[in-house]
Amino acid sequence: MKIRLSLLGLLFVLTGPALSTTTLANESAVLNRDPSNLHLASGSAMVIDLQTDKVLYSSNPDVIVPIASVTKLMTAMVVLDAKQSMDEVIPVNISQTPEMKGVFSRVKLGSEMNRRDM
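If you want it as structure tokens, here you go:
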């Protein structure tokens, strides 16, 4: 029994520094990532820190591209045909809608945005 405990203690002593070195190396790799080495499938992209509004990464952010979804196009047509104000602020709250349970969206729940930005 003493031998097993000794071996187990030795294992912890020997692997402890290796684990901490690996953790430090991983943290260093995360902090030193170069955005120019990213390989994205999209033609344009932008990542923004929502706390500071700082642009962390952008690739062709001002390129005008055709709309990527027929649903988005139809939604835009309905809004424009109804002559609804593009500056009206709309709350994003789908948590009480049973049909939306389990739906994923990049829009943060509880946020507000004007119709133009939607």
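Read in order, the letters of the sequence shown correspond to residues -20 to -1, 1 to 98 in mature numbering (1 follows the signal peptide of the UniProt record, and there is no 0). Cβ coordinates follow ideal geometry from the N, Cα and C atoms, glycine included.
Check your understanding: How is the beta strand (DSSP E) around L36 delimited, first residue to last?
Key -> 34 to 39
Exercise for review: Just confirm the distance between the C-beta atoms of V72 and L89, as a whole number of angstroms; I'd bet it's less than 8 Å.
Suggested key: 6 Å
Point to revise | Per-residue DSSP class, three states only, for D97 | key: coil
**Study point:** Whether M66 touches R95 by CB criterion (9 Å)
**Key:** yes
Point to revise | Straight-line Cα distance separating P41 from V58 | key: 27 Å
Check your understanding: Considering only C-alpha positions, which residue in the set L18, G23, I74 is nearest to E92?
Key -> I74
Review point. S16 and V43: beta carbons closer than 9 Å?
Key: no
Check your understanding: Can you list the beta strand (DSSP E) stretches of 3 or more residues lying completely in the region 19 to 83, in chain order?
Key -> 25 to 29, 34 to 39, 69 to 71
**Study point:** Distance, K63 Cα to D14 Cα
**Key:** 45 Å
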